[in-house]
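**Q** This structure is in structure tokens; I'll ask about it shortly.
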Amino acid sequence: MKAHPIAEWHVAENENMRGHDMEFATVGDGGIGDDRRSGLQADVAQRDCLPASKWDDDSVHDGGSVHDGKGSRSDGAAAEGSGAAKDASEGNGHAQGAVQIPQVPEMTFAQAWEYATKKLDDEACAPNADAERISSVTVEDLLTNEAAIAALSQRWFQSNGIPFDFSIVRGLADINRRIARILESRGVQLDHVDRMPHHLPYKVVLKGIAAMQGRRLRDIEKAVNRKPQSEYRRRIMRQYRIAHYHGTYVGIDLETTGDDPLRGYIINTGWVTARLERGSAPYDERSYYSGLPDFYQERPIPFEYVHHITWQDVQDKQQFRDDHDLQSLVLSVLTAHPYMAHHAIFEHEWFLYCLDGYAEAFKNGEVLPIDTQEICRKLDEDVNDIPLNQRPAALENWAKRRGTLKDDEKEKHLGEADAKLMMRTVLAELERHGLVDDADGTVRADNTVRANGTVRTVGTVGTAGADDTDDTVGADNADGADSASGAEDASSVEGPIGVLGNA
Numbered sequence: 001m002k003a004h005p006i007a008e009w010h011v012a013e014n015e016n017m018r019g020h021d022m023e024f025a026t027v028g029d030g031g032i033g034d035d036r037r038s039g040l041q042a043d044v045a046q047r048d049c050l051p052a053s054k055w056d057d058d059s060v061h062d063g064g065s066v067h068d069g070k071g072s073r074s075d076g077a078a079a080e081g082s083g084a085a086k087d088a089s090e091g092n093g094h095a096q097g098a099v100q101i102p103q104v105p106e107m108t109f110a111q112a113w114e115y116a117t118k119k120l121d122d123e124a125c126a127p128n129a130d131a132e133r134i135s136s137v138t139v140e141d142l143l144t145n146e147a148a149i150a151a152l153s154q155r156w157f158q159s160n161g162i163p164f165d166f167s168i169v170r171g172l173a174d175i176n177r178r179i180a181r182i183l184e185s186r187g188v189q190l191d192h193v194d195r196m197p198h199h200l201p202y203k204v205v206l207k208g209i210a211a212m213q214g215r216r217l218r219d220i221e222k223a224v225n226r227k228p229q230s231e232y233r234r235r236i237m238r239q240y241r242i243a244h245y246h247g248t249y250v251g252i253d254l255e256t257t258g259d260d261p262l263r264g265y266i267i268n269t270g271w272v273t274a275r276l277e278r279g280s281a282p283y284d285e286r287s288y289y290s291g292l293p294d295f296y297q298e299r300p301i302p303f304e305y306v307h308h309i310t311w312q313d314v315q316d317k318q319q320f321r322d323d324h325d326l327q328s329l330v331l332s333v334l335t336a337h338p339y340m341a342h343h344a345i346f347e348h349e350w351f352l353y354c355l356d357g358y359a360e361a362f363k364n365g366e367v368l369p370i371d372t373q374e375i376c377r378k379l380d381e382d383v384n385d386i387p388l389n390q391r392p393a394a395l396e397n398w399a400k401r402r403g404t405l406k407d408d409e410k411e412k413h414l415g416e417a418d419a420k421l422m423m424r425t426v427l428a429e430l431e432r433h434g435l436v437d438d439a440d441g442t443v444r445a446d447n448t449v450r451a452n453g454t455v456r457t458v459g460t461v462g463t464a465g466a467d468d469t470d471d472t473v474g475a476d477n478a479d480g481a482d483s484a485s486g487a488e489d490a491s492s493v494e495g496p497i498g499v500l501g502n503a
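Numbering of the sequence shown is given in UniProt numbering, commencing with residue 1 and proceeding in unit increments.
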């Protein structure tokens with residue numbers, strides 16, 4: 001797919017961080033050399049952007065920026081997510097016979113702001129607009145709208161504090177989906193845009209390790225950020241294995257109509273809760289369907305052949321963006337505990353542009369995504385011995401190796417079922433390595449969050465130890481009330497998705 005020039009931002013790269021990009025752009029992810037091949041790409045500076053998370057042990061403002069690989073995902077690793085869209089790296093059905101993407105100039109923030117303030121008052125793209133106005137919608141309108149989203153998102157994630165209401169960006173994303181459906185209803189085949197980053201930001205990954213193991217973030221950073229960078233992969237793998245895991249986590253999975261949150265829809269949301277303890281099992285299982293525009297009543301739902309969600313499943317449901325009760329529930333769940341997802345960048349990007357309040361909570365350090373695919377890659381030695389084209393880190397294959405899925409069974413590709421399978425597999429992997437403790441609290445760190453956001457350690461952690469009484473990134477406290485570790489601080493934000501940056 002040909003790259004579009006709208007969002008070809010190239011912020012100065014911090015060469016000292018290149019090793020981090022190389023680590024998380026794992027084999028088959030395109031790598032650093034391939035990260036500008038396709039998609040609407042935006043390199044958003046991650047340094048000095050946000051106030052420190054309320055759960056952080058320190059506020060690191062180390063300047064510079066990081067360029068994360070987020071190019072074409074046409075290889076095996078791209079398909080190793082848990083959702084239907086995540087499992088079909090090239091099977092979106094929109095690329096064949098697609099229209100040639102026009103050349104649209106990049107927007108400045110001032111231009112994007114002027115566009116947004118007018119567009120959000122314009123009902124030309126609403127479903128009930130008159131036929132003449134609908135017929136005037138063009139592909140250029142779609143791309144211009146996406147350029148505005150990119151410019152506004154870049155400014156929002158690079159700014160300290162909250163520069164403007166992010167609901168403006170979500171509103172443009174809502175308009176974008178309507179424009180896309182109008183064009184498709186006229187028979188226009190839109191070129192597929194791959195704007196999904198490969199992985200969570202480097203700092204978020206380290207915070208996830210700190211939270212799961214009850215360790216200080218700065219200790220992990222110190223252990224990882226050393227020369228030579230050729231040893232980075234080995235060092236980060238050691239951090240995943242060095243201490244016991246504990247705490248309460250939400251495992252969540254989305255089923256969607258594609259891999260583009262600016263053009264697609266969430267149609268199934270499912271989650272479970274689990275404590276990382278020996279012998280524990282997921283509980284509090286939830287599953288919710290969300291509706292689709294009438295456009296899909298007489299058309300196949302994208303990826304139906306994978307998730308098997310039909311019009312009958314969703315016809316009487318509110319669309320996710322219109323279901324404010326469901327959105328409120330999902331946000332409350334994600335802010336109550338750190339959340340796990342298989343290829344978590346997928347859920348993270350969809351939540352940024354579809355879930356009211358998520359972007360704000362993420363920026364304020366109230367949400368922490370953790371990628372279970374990275375847990376698989378760092379703990380399961382079999383991954384390195386299995387050919388990439390066999391997708392060793394895919395949830396279904398990982399689960400079969402750990403015995404949480406029978407050899408003749410298939411991943412269901414429904415939110416709650418996949419979330420439950422994922423958490424059972426995480427627990428099996430951790431138990432296999434002796435990295436979880438008994439439910440009675442033997443050899444585990446219980447951290448109590450003080451009113452000022454610091455954490456008092458009242459236990460010990462495996463072999464690494466939470467060795468500071470004030471700075472541990474806590475996973476949970478002694479009575480089971482969890483403290484979600486912060487997601488981002490001023491040194492860690494990389495912005496939103498491909499066209500919009502990499503968050």
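Heads up, the beta-carbon is just placed ideally off N, CA and C, and yes, glycines get one too.
In whole angstroms, what separates the C-alpha of L200 from that of R424?
**A** Locating residue 200 in the sequence shown gives position 200, counting from the first residue. Locating residue 424 in the sequence shown gives position 424, counting from the first residue. Taking the Cα positions, L200 is about 22 Å away from R424.
**Q** Report back the beta-carbon spacing between N225 and L414 to the nearest angstrom; my notes put them in contact at under 8 Å.
**A** Counting from one through the sequence shown, the residue named residue 225 turns up at place 225. Counting from one through the sequence shown, the residue named residue 414 turns up at place 414. Incorrect: roughly 40 Å between the Cβ atoms, too far for contact.
**Q** Would you please state the rounded distance, in angstroms, between the beta carbons of V333 and W271? I believe it to be under 8 Å.
**A** Position 333 of the sequence shown, counted from the start, is the residue given in the question as residue 333. Position 271 of the sequence shown, counted from the start, is the residue given in the question as residue 271. With a Cβ gap of about 6 Å, V333 and W271 count as contacting.
**Q** Using only the heavy atoms of the ligand NAD, determine whether one of them is closer than 7 Å to the beta carbon of R170.
**A** What this structure holds is no ligand at all, so the ligand NAD is not there to describe.
**Q** Can you check the region 266-319 for any beta strand (DSSP E) of at least 3 residues that lies completely inside it and give the ranges in chain order?
**A** 266-275, 283-289
**Q** Considering only residues of the region 322-393, which uninterrupted alpha helix (DSSP H) runs meet the minimum length of 4 residues and lie entirely inside it, listed in chain order?
**A** Taking only runs of at least 4 residues, the alpha helix (DSSP H) segments lying wholly in the region 322-393 are 324-336, 344-354, 358-363, 372-379.
**Q** Just how far apart, CA to CA, sit G208 and R186?
**A** For the purposes of this step, residue 208 is identified with residue 208 of the sequence shown, where counting begins at 1. For the purposes of this step, residue 186 is identified with residue 186 of the sequence shown, where counting begins at 1. When rounded, the distance between both Cα atoms is 45 Å.
**Q** Suppose you measure from the CA of W311 to the CA of N397; what does that come to, to the nearest Å?
**A** Counting from one through the sequence shown, the residue named residue 311 turns up at place 311. Counting from one through the sequence shown, the residue named residue 397 turns up at place 397. Using only the alpha carbons, I get a separation of about 29 Å.
**Q** Excluding five sequence neighbours on each side, which residues of the same chain lie with their C-beta closer than 7 Å to the C-beta of E304?
**A** Here residue 304 refers to the residue found at position 304 of the sequence shown. Around E304: T310.
**Q** Here's a check: name, in chain order, each residue in its chain whose Cβ is nearer than 8 Å to the Cβ of A439, leaving out the five neighbours to either side.
**A** Residue 439 sits at position 439 when you count from the first residue of the sequence shown. Only R275, E277, R278, G279, S280 meet the Cβ criterion.
**Q** Just the Cα atoms here: how many angstroms apart are R321 and L331?
**A** For this step, residue 321 is matched to residue 321 along the sequence shown. For this step, residue 331 is matched to residue 331 along the sequence shown. About 13 Å.
**Q** Count the CB pairs spanning the region 177-195 and the region 156-163 that are closer than 8 Å, and state whether there are at least three.
**A** No, because fewer than three Cβ pairs between the region 177-195 and the region 156-163 fall closer than 8 Å, the two stretches do not touch.
**Q** So, under 8 Å CB-CB, P261 and Y353 are touching, yes? Tell me the CB distance rounded to an integer number of Å.
**A** The residue labelled residue 261 in the question sits at position 261 within the sequence shown. The residue labelled residue 353 in the question sits at position 353 within the sequence shown. The pair is a contact, with the Cβ atoms about 4 Å apart (cut-off 8 Å).
**Q** Do you know how far the Cα of Y202 is from the Cα of A45?
**A** Along the sequence shown, one-based indexing puts residue 45 at 45. Along the sequence shown, one-based indexing puts residue 202 at 202. Because A45 carries a pLDDT of 29, less than 50, the predicted location of this residue cannot be relied on, and no value is offered for it.
**Q** Which same chain residues end up closer than 8 Å to S290 when comparing Cβ atoms and leaving out the 5 residues on each side of it in sequence?
**A** By 1-based counting over the sequence shown, the position of residue 290 is 290. Cβ within range, chain order: Y265, I266, I267, N268, T269, V314, K317, Q318, Q319, F320, D323, L326.
**Q** Can you say whether R177 is buried or exposed, counting buried as having 16 or more other CB atoms within 10 angstroms of its CB?
**A** Counted from its first residue, the sequence shown places residue 177 at position 177. When all chains shown are included, R177 counts as buried.
**Q** Considering only the beta carbon of each residue, do N145 and L172 sit closer than 8 Å?
**A** To locate residue 145, count along the sequence shown from 1; it is residue 145. To locate residue 172, count along the sequence shown from 1; it is residue 172. A contact, by the Cβ cut-off of 8 Å.
**Q** I believe E411 touches S287 by the beta-carbon criterion, under 8 Å. Please report the beta-carbon distance rounded to the nearest angstrom.
**A** Residue 411 sits at position 411 when you count from the first residue of the sequence shown. Residue 287 sits at position 287 when you count from the first residue of the sequence shown. Between S287 and E411 the Cβ distance is about 15 Å, and since that is not below 8 Å, they are no contact.
**Q** Is N389 buried or exposed, if buried means 16 or more other CB atoms sit within 10 Å of its CB?
**A** In the sequence shown, counting from the first residue as 1, residue 389 sits at position 389. Exposed: under 16 other Cβ atoms inside 10 Å.
**Q** Report the three-state DSSP secondary structure of E396 (helix, strand or coil).
**A** Walking along the sequence shown from the start, residue 396 turns up at place 396. Looking at E396 - three-state DSSP - the assignment turns out to be helix.
**Q** How many angstroms separate the CA atom of F351 from the CA atom of V250?
**A** Position 351 of the sequence shown holds residue 351. Position 250 of the sequence shown holds residue 250. Spanning the two alpha carbons is a distance of roughly 15 Å.
**Q** If distances are taken between C-alpha atoms only, which option among L254, W113, E285 comes closest to K420?
**A** Stepping through the sequence shown from its first residue, residue 420 is reached at position 420. When only C-alpha atoms are compared, the closest one is E285.
**Q** Rounded to the nearest angstrom, how far is the Cβ of Y232 from that of I375, given a contact under 8 Å?
**A** As a first step, residue 232 must be located in the sequence shown, where it is residue number 232. As a first step, residue 375 must be located in the sequence shown, where it is residue number 375. Their Cβ separation, rounded to whole angstroms, is 18 Å, which puts Y232 and I375 out of contact at 8 Å.
**Q** Where DSSP assigns a beta bridge to G251, which residues make up the other side?
**A** Locating residue 251 in the sequence shown gives position 251, counting from the first residue. DSSP, once it has assigned bridges, lists V272, M340 as partnering G251.
**Q** Can you give the beta carbon distance from L142 to A112, rounded, assuming they're within the 8 Å contact cut?
**A** Translated into positions along the sequence shown, residue 142 becomes position 142. Translated into positions along the sequence shown, residue 112 becomes position 112. Under the criterion of beta carbons closer than 8 Å, L142 and A112 do not qualify as touching, at roughly 15 Å.
**Q** What does the alpha-carbon distance come out to for the pair L430 and R215?
**A** Here residue 430 refers to the residue found at position 430 of the sequence shown. Here residue 215 refers to the residue found at position 215 of the sequence shown. Each residue's alpha carbon lies about 17 Å from the other.
**Q** For the candidate residues E360, D259, A336, T372, whose alpha-carbon lies nearest to that of H342?
**A** Translated into positions along the sequence shown, residue 342 becomes position 342. Of the listed residues, the one whose Cα sits closest to H342 is T372.
**Q** Taking A116 and I168 to be in contact with their CB atoms under 8 Å, please state how far apart those CB atoms are, rounded to whole angstroms.
**A** Indexing the sequence shown from 1 puts residue 116 at position 116. Indexing the sequence shown from 1 puts residue 168 at position 168. So it is a contact: roughly 5 Å between Cβ atoms.
**Q** Run the CB neighbour count on E298, radius 10 Å, all protein chains shown included, and call it buried at 16 or more, exposed below.
**A** The count along the sequence shown starts at 1 and reaches residue 298 at position 298. In the assembly as shown, E298 is an exposed residue. Its beta-carbon has fewer than 16 other beta-carbons within 10 Å.
**Q** Looking at T108: is its Cβ nearer than 8 Å to the Cβ of A147?
**A** Working through the sequence shown from its first residue, we reach residue 108 at position 108. Working through the sequence shown from its first residue, we reach residue 147 at position 147. Contact flag unset, no.
**Q** What are the start and end residues of the alpha helix (DSSP H) that includes L172?
**A** Within the sequence shown, numbered from 1, the residue matching residue 172 stands at position 172. From DSSP, the alpha helix (DSSP H) with L172 extends over 167-185.
**Q** List the DSSP bridge partners of V436.
**A** For the purposes of this step, residue 436 is taken as the residue at position 436 of the sequence shown. Paired residue(s): Y245.
**Q** Could you check if K363 is buried or exposed, using at least 16 other CB atoms within 10 Å of its CB as the buried criterion?
**A** Taking the sequence shown and counting its residues from 1, the one referred to as residue 363 is at position 363. Here K363 is buried: its Cβ has 16 or more other Cβ atoms, across all protein chains shown, within 10 Å.
**Q** How is residue 505 classed by DSSP in three states: helix, strand or coil?
**A** With the chain running from 1 to 503 in the structure shown, residue 505 is simply not present.
**Q** As a quick exercise: from I386, E360, P282, P369, pick the residue whose alpha carbon is nearest that of N160.
**A** Reading the sequence shown from its first residue, position 160 is the one you call residue 160. Ranking I386, E360, P282, P369 by Cα distance to N160 puts E360 first.
**Q** What are the residues that DSSP puts in a beta bridge with T117?
**A** Residue 117 sits at position 117 when you count from the first residue of the sequence shown. According to DSSP, T117 bridges with nothing at all.
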